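Here is the structure we will look at.
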Amino acid sequence: MDGLAMKVIDVHVHYPIGGDPLKRLIEGCEKAEVAMVWLQSLGRFRGVDENKLIEDAFREYPDLIRGFGFVHLGIDDPGIVDNLYSRGFTGLKIIKPLKPYDSEEFFPYYDKAEKYRMPILFHTGIVARDPSDREYKISSAFMRPICLDRIARSFPKLIIIGAHLGHPWCDEAAVLMMHNPNLYFDICGGHTFWIALSLKNRIRYDADPNRLLYATDTTPENFLRYKNFWEVTLPQIGFTKDEVQNIFYGNAEKILKNITG
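For the sequence shown, our numbering begins at 24 and goes up steadily by one.
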């Protein structure tokens, strides 16, 4: 990427655990030259209310941090969307639904998000195991990329982001992008190499570089490593300089302009 002053928005970061979380986050961003992170809440995670932690963080650092509040589909009342909007959250984070994402009983959440122009970042693909999975009837099948198709068609003004390019259903995710202009996917995850291979196979067909979003979903100490990987890999698999800049920054900036303009 010679001669390109890379701007970076990382759209999928979680609140750091341990140490001085915000200090670690700021230092990680400075080292990797990340201009903004979208902090994704996991709700009451490990006995802590992450929605509150993230709200405090984006109020303290409004230029660096945008907050995505957690919504537990089927458990939280849809009024939580009104609450999160009133508190200044930019978007919503959704994972581990009790039924497939496109179940009609979840539509009131999406209707409110569309009304408020709050993008939703959905976990897509295989989800990590947890001791509570049996109690909550968790299934990765509820979070396949195809579950976003009906939502995108039913709420055409709602910006939808699928995480991890839907791994291992990356091809499914790419085809969905081709058919749904309001559907984006981020490229983070523990299977980064395989996500890159999928993009190589789909580029110029249906993996739209204008709707891919840079993300890391890692600790602040690893921000630079992930940035370096994608900075090298994206041009190697066929993306142009302009497309790489859009993936790292421009596409996320476009989303922000869409929801605030």
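Ideal Cβ placement from N, Cα and C applies to all residues, glycine included. Keep in mind it's a predicted model, so treat the numbers as computed, not measured.
| Item | Value |
| --- | --- |
| Inter-stretch contact (C-beta, 8 Å, three-pair minimum) for the stretch 108-118 and the stretch 246-263 | no |
| Buried versus exposed, by CB contacts within 10 Å (16 or more), arginine 225 | buried |
| Buried or exposed by the 16-neighbour rule on C-beta atoms within 10 Å, applied to serine 221 | buried |
| Residue(s) in a DSSP beta bridge with leucine 199 | According to DSSP, leucine 199 bridges with nothing at all. |
| The stretch 123-132 touching the stretch 61-80, judged by at least three CB pairs closer than 8 Å | no |
| As assigned by DSSP and simplified to three states, the class of arginine 227 | coil |
| Proximity below 7 Å, CB of proline 243 to CB of leucine 48 | yes |
| Burial state of alanine 151, where buried means 16 or more other Cβ atoms lie within 10 Å | exposed |
| Straight-line gap, glutamine 268 to glutamate 158 (C-alpha atoms, nearest Å) | 43 Å |
| Coarse secondary structure for tyrosine 84, derived from DSSP in three states | coil |
| Supposed close pair threonine 147, glycine 189 - CB separation, criterion 8 Å | 4 Å |
| Residues near lysine 119 by beta carbon distance below 7 Å, same chain, minus five either side | Val150, Tyr159, Ile161 |
| Buried versus exposed call for histidine 202 [16 or more other C-beta atoms within 10 Å across all chains shown] | exposed |
| Beta-carbon proximity list for lysine 46, same chain, < 8 Å, skipping 5 on both sides | none |
| DSSP bridge partner residues for glutamine 63 (one or two, in chain order) | His37, Phe91 |
| Distance CB(cysteine 211)-CB(aspartate 231) smaller than 7 Å | no |
| CA-to-CA distance, isoleucine 260 to arginine 140, given in whole angstroms | 34 Å |
| Glutamate 266 burial status per 10 Å Cβ neighbour count (16 or more: buried) | buried |
| Same chain only: Cβ atoms within 8 Å of glutamate 83, ignoring 5 sequence neighbours per side | Leu45 |
| Which of helix, strand or coil DSSP assigns to aspartate 209 | strand |
| Cβ shell of glycine 26 (< 7 Å), same chain only, five flanking positions each side left out | Low confidence applies to glycine 26: its pLDDT is 42, below 50, so where it sits in the model is not reliable enough to give any reading. |
| Reduced DSSP category for tyrosine 216 - H, G, I as helix; E, B as strand; rest coil | Per the sequence shown, the amino acid found at residue 216 is phenylalanine instead of tyrosine. Note: phenylalanine 216 maps to helix in three-state DSSP. |
| Neighbour-count burial assignment, methionine 24, 16 or more Cβ in a 10 Å radius | Caution is warranted here: a pLDDT of 45 is assigned to methionine 24, below 50, making its placement in the model unreliable, and the coordinate value is therefore given only provisionally. The residue in question, methionine 24, is exposed, as its Cβ has fewer than 16 Cβ neighbours within 10 Å. |
| Candidates Pro168, Ile183, Ala219: closest to alanine 136 by CA position | Ile183 |
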